[in-house]
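All residue numbers in the sequence shown are consecutive under the UniProt record's numbering, ending with 257. Beneath this line is the structure, given in structure tokens, with notes to follow.
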Amino acid sequence: MGERTESSACAGVRARLGGSFDEVRYGLLALIWPTQCAVCGAPDRDCCADCLAELRSGAGEARWVRTAAGSTVCVAGPYNGPPRALLLALKHGGRTGFAPHLGARLRAPLRAALSLARGPDPPIVVTAPSRAARVRERGYRHVELLVRSALAEPLLLPNALRALPGRRAQVGLDPGARLRNAELVEVRRRMRGALRGREVVLVDDVVTTGATVAATSRALRAVGAVVIGAAALCVVERGDGRTLGAVGKTAQDAAEE
1 MGERTESSAC AGVRARLGGS FDEVRYGLLA LIWPTQCAVC GAPDRDCCAD
51 CLAELRSGAG EARWVRTAAG STVCVAGPYN GPPRALLLAL KHGGRTGFAP
101 HLGARLRAPL RAALSLARGP DPPIVVTAPS RAARVRERGY RHVELLVRSA
151 LAEPLLLPNA LRALPGRRAQ VGLDPGARLR NAELVEVRRR MRGALRGREV
201 VLVDDVVTTG ATVAATSRAL RAVGAVVIGA AALCVVERGD GRTLGAVGKT
251 AQDAAEE
């Protein structure tokens, strides 16, 4: 009988045994459930070491932007690279395991917005609404996952806002249509008492024109909430690489506007 040769699968496991425990574990998982990086397509990892390092390098960054709709929002960075790829995988691919990585990036802008509070009670965090059909498809509200991953104990009021019938995705709409579409939102009746007179920070995943932030802020103010700021994971940049609004504002600048 000829000499037994090592299978490629066994060789792969053996090659990984010299690494850390996590490397061995991930290597075994890659053999059972092949995967690839959601950002660059590299094999064996949902997010490879290089892309994860690039994502983490932006953690702690926060800048204020003034949007076309007149909203002032604190963001972590532009909507590109690893943040964009992982957010899309979270929103449309069911990859909830990316929430902690994205939440770590949201932490700084969310804390900056929360720091604008002036009242005796901590501000309430409210997330921009998703359409009911999208929530049913996903099985979760992705922006709420980001908030819970960003802060250990956020004073989050879940599902406080409701997208009204007729509201559609903002992608592909011109600025005027975005504004009209964004207005189709209201505060749920059972949440209005909890928000009346309270300071609120609004959180969204991506800011483009700021129409959603502006419309949801108006809906919150209409029931007596005091909207002190807004935070988002990403801001869409224009074709020339500039953001949609002024960059580099401080929390104090925003408070004085």
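Don't be surprised by glycine CBs; every beta carbon is placed ideally from N, CA and C. Values in this document were obtained by computation on a predicted structure and should not be read as measured data.
- Message: Let me confirm a value: R45 is counted as buried when at least 16 other C-beta atoms fall within 10 Å, else exposed. Which label applies?
- Response: R45 comes out buried.
- Residue range of the beta strand (DSSP E) that R141 falls in? First-last for R141: undefined, no H or E at that position.
- Query: What separation, rounded to the nearest whole angstrom, lies between the Cα atoms of D50 and R107?
  - Reply: Cα-Cα distance, rounded: 21 angstroms.
- Query: Per DSSP, what kind of secondary structure is L106 in: helix, strand or coil?
  - Reply: Helix, per DSSP.
- Message: Relative to the C-alpha of L116, which candidate in L87, L88, L202, C47 has its C-alpha closest?
- Response: Ranking L87, L88, L202, C47 by Cα distance to L116 puts L202 first.
- Would you list the residues sitting across from I124 in a DSSP beta bridge? DSSP lists V200 as partners of I124.
- Find the nearest neighbour of V39 within the set V73, L86, A59, C74, judged by alpha-carbon distance. The shortest C-alpha to C-alpha distance from V39 to any of V73, L86, A59, C74 is the one to L86.
- Query: If you draw a straight line from the C-alpha of E199 to the C-alpha of Y79, how long is it?
  - Reply: Approximately 28 angstroms, taken between the alpha carbons.
- Task: Look at the alpha carbon of Y26 and the alpha carbon of E61, and state the distance between them as a whole number of angstroms.
- Result: The predicted position of Y26 is uncertain, since its pLDDT is 46 and thus under 50; a value taken from the coordinates is nonetheless stated next. So the two alpha carbons sit approximately 30 angstroms from each other.
- Query: Less than 8 angstroms separating the beta-carbons of A225 and L195?
  - Reply: When the beta-carbon positions are compared, A225 and L195 come within less than 8 angstroms of each other.
- Under a three-way DSSP split, which group does P100 fall into? Per DSSP, reduced to three states, the secondary structure at P100 is helical.
- Query: Three-state secondary structure (DSSP) at T216?
  - Reply: Here T216 sits in helix by DSSP.
- Item | Residues of its chain near E144, where Cβ-Cβ distance is below 7 angstroms and the 5 sequence neighbours each way are ignored | Hits under 7 angstroms: T127, L156, P158.
- Which residue from S57, A152, V75 puts its Cα closest to that of E237? For the residues S57, A152, V75, the minimum Cα distance to E237 belongs to V75.
- Item | Among T67, E186, H101, V147, nearest to L164 - alpha-carbon criterion | Minimum Cα distance to L164 is reached at E186.
- Message: Could you compute how far the alpha carbon of M191 sits from the alpha carbon of A160?
- Response: One C-alpha to the other measures close to 6 angstroms.
- Item | L156, DSSP secondary structure in three states | In the structure shown, L156 sits in a strand (DSSP, three-state: E or B).
- Within 10 angstroms of the Cβ of D121, are there 16 or more other Cβ atoms? Answer buried if so, exposed if not. Taking a 10 Å sphere around the C-beta of D121, we find fewer than 16 other C-beta atoms and assign the residue as exposed.
- Using the C-alpha atoms, what's the distance from P43 back to A152? Roughly 32 angstroms between the two C-alpha positions.
- Task: Given a cut-off of 8 angstroms, decide if I228 and P83 are closer than it, judged by their beta-carbon atoms.
- Result: Contact flag unset, no.
- Which residues in the same chain have their Cβ closer than 8 angstroms to the Cβ of S217, if we skip the five residues on either side of it in sequence? Sequence-distant partners of S217 (beyond 5 residues in either direction) whose C-beta falls short of 8 angstroms from its own C-beta, in its chain, are S71, L202, V227, A230.
- Task: Can you tell me the Cβ-Cβ gap for R162 and R188, rounded? I've got them flagged as a contact below 8 angstroms.
- Result: The pair is a contact, with the Cβ atoms about 5 angstroms apart (cut-off 8 angstroms).
- Task: Out of A211, P129, G103, V207, state which residue places its alpha-carbon closest to the alpha-carbon of V235.
- Result: Residue nearest to V235 within the set A211, P129, G103, V207 is V207 (criterion: CA-CA distance).
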